[in-house]
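Working notes, structure below.
Protein chains in written order, with this note's numbering: chain P, 209 to 297; chain X, 209 to 297; chain W, 209 to 297; chain B, 209 to 297; chain H, 209 to 297.
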């Protein structure tokens, strides 16, 4: 998974089947020093994450399994809102 | 998903089974500042996206599921045409 | 998918089950300006692509589905030979 | 797989179904010279790996199969704690 | 697939189910000029590849299919030992 910060939202009207009623957030992956790490990822959110919050993002086919019944054509999902993390390097 | 701008089209005559009648667009992934972010991606389009439009791209096996019945051997598909996005960093 | 140019061939004698009689080409991914974009990819070819030709490459598990009956342990396949492409940036 | 060093832990309260009772570690991928190689990866751990230990990380859908019965929506898992490695370059 | 050179071995005692009796090699991906290309990959080997040999590596879920009966939680496998390759750029 990636550690990321929610930085915004995306809206679409014309979309593929399965993408209806999906909340899509723009996230900035971070390293454990909270520095930017890699490219922006658009992720499905079902946890109610808000702008500024730290989240965990799962990528690839596993993301799709978050929306169990529907299997929307997504490749990234927020799977947790981060309470805290600790690093000892 | 990736945010990307449609920048062109690709045509093939000799192709693998399942690739017939698939519209393929060339896209430039962007970050939320609309700056180039990573390499060009060739994506299947079934939404009628045009050059210059912002789109959302799903990569990997989930992309294939967009073409439900046929499962073409693709690894990227446009899953939404972006109306707007908002960033608060 | 990636746009790429075929630049060579690879031969193996000792190989895993399912890799027999598979033609493997070395390809250089390109952007839409025909500049090098990313690392060399070794891809299965069933279309008869030749050195110098532009091709489309699918990566990941979808590549495997090109060889329908056999499912060789590959992660990249040529799915089309490019006739032309057009970019309006 | 990636060679990585465990550098910390992440805790979440709000999480997707299937993420309950999963231990998540922050890891720094390394090359065979023990130099940093690529971005931090958050991985599921079921082996009891501790901070400072070298581990092997599997990414993608195969990671999910580590938790056989549950299939949590993860994309990275620790599959081994490294005893030693040897390089002859 | 990636072209890579075998540069070493990794040993683990504590490991996930399915990782028993799997030979793990450290490989350095190369481009067709035999220059380093990307990060070290730890790959399963069932072909008896030795240090210094050139190999082809499959990544992702297809790698897992190399070990047909067992499906270990791996994401990279050696699928061929390279006899020769030819580039005409």
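The beta carbon of each residue, even a glycine, is placed where N, CA and C say it ideally should be. All values reported here derive from a predicted model rather than from experimental measurement.
Through-space distance from residue j to residue i, alpha-carbon basis
| i | j | result |
| --- | --- | --- |
| residue 280 (chain H) | residue 253 (chain P) | 31 Å |
| residue 258 (chain H) | residue 213 (chain H) | 9 Å |
| residue 264 (chain B) | residue 276 (chain H) | 21 Å |
| residue 272 (chain W) | residue 272 (chain B) | 20 Å |
| residue 290 (chain H) | residue 215 (chain B) | 37 Å |
| residue 249 (chain P) | residue 286 (chain P) | 10 Å |
| residue 223 (chain W) | residue 222 (chain P) | 46 Å |
| residue 295 (chain H) | residue 297 (chain X) | 47 Å |
| residue 226 (chain B) | residue 288 (chain P) | 11 Å |
| residue 219 (chain H) | residue 292 (chain B) | 5 Å |
| residue 261 (chain B) | residue 229 (chain X) | 52 Å |
| residue 267 (chain X) | residue 251 (chain W) | 18 Å |
| residue 283 (chain W) | residue 243 (chain X) | 30 Å |
| residue 217 (chain P) | residue 235 (chain X) | 21 Å |
| residue 247 (chain H) | residue 247 (chain X) | 18 Å |
Chain-order list of residues whose beta-carbon lies under 6 Å from that of residue i (same chain, five-residue window excluded)
| i | result |
| --- | --- |
| residue 231 (chain W) | 253 |
| residue 211 (chain B) | 238 |
| residue 274 (chain B) | 285 |
Residue nearest to residue i in terms of C-alpha spacing, selected from the options
| i | options | result |
| --- | --- | --- |
| residue 209 (chain B) | H:293, H:290, H:296 and H:269 | H:269 |
| residue 256 (chain X) | X:242, X:241 and X:233 | X:233 |
Contact set for residue i: own chain, Cβ-Cβ below 7 Å, skip 5 residues either direction
| i | result |
| --- | --- |
| residue 245 (chain P) | 237, 238 and 239 |
| residue 241 (chain H) | none |
Cβ shell of residue i (< 8 Å), same chain only, five flanking positions each side left out
| i | result |
| --- | --- |
| residue 278 (chain H) | 226 |
Any non-hydrogen atom of the ligand ZN closer than 7 Å to residue i Cβ
| i | result |
| --- | --- |
| residue 228 (chain X) | As far as ligands go, the structure on display features none, and thus does not contain the ligand ZN. |
Segments assigned alpha helix (DSSP H), at least 4 residues, entirely inside the stretch 223-290 of chain B: Fully enclosed alpha helix (DSSP H) runs of no fewer than 4 residues occupy 269-272 of the stretch 223-290 of chain B, in order along the chain.
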